[in-house]
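Colleague: Encoded as C-alpha cells, here's the structure I'll be asking about.
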Amino acid sequence: MKCPRCVQRIHRAAASCPHCGFTLVDADGYFGAEEVRIRSLTDCAGILRRGDRPRVEAAMEKIARRFPQVFVAIYTGSLGEVSNIRQFGFWLLNRSAFEDVPVEKPNEAGILITIDPESKAAGIVFGYLLDPFLEESDTFDCLSRAHAYWLEERYADGLIRLLAHLDGILAKRSRQARRDPEHFERKVVPPAQMGDLVRRIRSGHRPPAIGEEKKTEVSR
C-alpha cells in the first residue's frame with residue numbers, strides 16, 4: 116500500500132509510515148476518532164440526480180452478489196481544505212459502521228469510492244482482505260473509466276462504468292486465484308499488530324479467495 120499522507124510505498128503491517136510517521140491516529144486528529152454510522156451509498160454532496168440512486172445501487176449489489184465476501188461503498192461530500200481525499204478515504208473506511216452491510220462483512224473486505232465534487236477529486240481505498248486481489252493500478256484504471264463522465268457531472272454514469280470495470284477485475288483475479296491459490300496466499304501479510312495503519316481481521320487463516328465459499332468467520 117501507499118501512505119495516505121506522503122504517498123510513499125509501505126508495508127501493510129507497518130505500525131506507522133517509515134517515511135512520514137503517519138498513522139490512523141493522525142487521521143483521527145483531522146476527522147475524529149468516533150465511529151461513523153453511514154449507509155453504503157451516502158450522497159452528502161447531492162450529486163446524484165433523480166433516478167440515479169437505484170441504478171448505482173444495482174451496480175453495487177451486482178458486485179456483492181457475485182463476490183459475497185466483498186462490499187462496495189460510495190461517499191460523496193465536500194472535504195474542505197483540511198485534508199486530501201486519500202487520507203479521508205483511509206479514515207472513513209476504518210471508522211465507518213455501514214448500516215446496510217451485513218455484519219459478517221468486515222470493513223477489511225470493503226472497497227470505498229470517495230468523490231469530492233467541490234475540489235473535483237475522487238479516490239478509491241480498499242481493505243486488507245482485498246490486498247491479494249487489487250492493486251493501486253487497478254483502482255486508477257477504475258477511476259479513469261469514470262473520469263470523462265464526471266467532468267460532465269454525469270456522476271451516476273461514471274460510477275456505473277467504474278463498477279463494471281471493477282467487477283471485471285475481480286472476476287479475472289478470482290479465476291487466477293482458483294488456478295494458482297498459493298500465489299495469492301503468499302500475498303497476504305501477517306496478522307495485525309496493535310497500532311497498525313489499517314485494521315484487519317485477527318484470524319491466522321488465509322482469507323477466502325474471491326468467489327470461493329467463505330469458511331472463516333470474521334468480525335468487525
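One point on numbering: in my numbering, the residue at position 193 of the sequence shown is 308, and numbering is uninterrupted. Idealized CB from N, CA, C, for every residue including glycine.
Return the first residue and the last residue of the beta strand (DSSP E) that Y190 is part of.
Modeller: As a first step, residue 190 is located in the sequence shown; it is residue number 75 there, counting from the start. Y190 -> beta strand (DSSP E) spans F186 to T191.
Colleague: DSSP puts G341 in a beta bridge; with which residues?
Modeller: Absent from the structure is residue 341, since the part of the chain shown begins at 116 and ends at 335.
Colleague: In angstroms with no decimal places, state the Cα-to-Cα distance between R154 and F213.
Modeller: Against the sequence shown, residue 154 aligns to sequence position 39. Against the sequence shown, residue 213 aligns to sequence position 98. Roughly 5 Å separates the two Cα atoms.
Colleague: Note down, in chain order, each residue of its chain lying with its Cβ closer than 6 Å to the Cβ of D253, except the 5 sequence neighbours on either side.
Modeller: What you label residue 253 is simply residue 138 of the sequence shown in a count that begins at 1. Once the five neighbours on either side are set aside, the close Cβ partners of D253 are I284.
Colleague: Exposed or buried, which one is K235 when buried takes at least 16 other CB atoms within 10 Å?
Modeller: Indexing the sequence shown from 1 puts residue 235 at position 120. When all chains shown are included, K235 counts as exposed.
Colleague: Looking at the structure shown, is K117 part of a helix, part of a strand, or coil, going by DSSP?
Modeller: Position 2 of the sequence shown, counted from the first residue, corresponds to residue 117. Here K117 sits in strand by DSSP.
Colleague: Within the same chain, show all residues whose beta-carbon is closer than 8 Å to that of L156, passing over the 5 residues directly before and after it, in chain order.
Modeller: Locating residue 156 in the sequence shown gives position 41, counting from the first residue. If we look at L156 and ignore the five residues flanking it on each side, its Cβ neighbours are R168, V171, E172, M175, A188 and I189.
Colleague: Check the DSSP bridge columns for D231 and list the partner residues they point to.
Modeller: For the purposes of this step, residue 231 is identified with residue 116 of the sequence shown, where counting begins at 1. Answer by DSSP bridge pairing, in chain order: A236.
Colleague: In the DSSP output, what is L156 paired with across the bridge?
Modeller: Locating residue 156 in the sequence shown gives position 41, counting from the first residue. I189, per the DSSP bridge assignment.
Colleague: Assuming I178 and D282 form a contact by the criterion Cβ under 8 Å, report the distance between their Cβ atoms to the nearest whole angstrom.
Modeller: What you label residue 178 is simply residue 63 of the sequence shown in a count that begins at 1. What you label residue 282 is simply residue 167 of the sequence shown in a count that begins at 1. The pair is a contact, with the Cβ atoms about 5 Å apart (cut-off 8 Å).
Colleague: With F137 as the anchor, note down where its alpha helix (DSSP H) starts and where it stops.
Modeller: Start at 1 with the first residue of the sequence shown, and residue 137 comes out as number 22. From DSSP, F137 is part of no alpha helix (DSSP H); its letter is neither H nor E.
Colleague: Flag this pair as yes or no: are the beta carbons of L277 and R260 separated by less than 8 Å?
Modeller: On the sequence shown, position 162 is the one that residue 277 refers to. On the sequence shown, position 145 is the one that residue 260 refers to. The Cβ atoms of L277 and R260 sit closer than 8 Å to each other.
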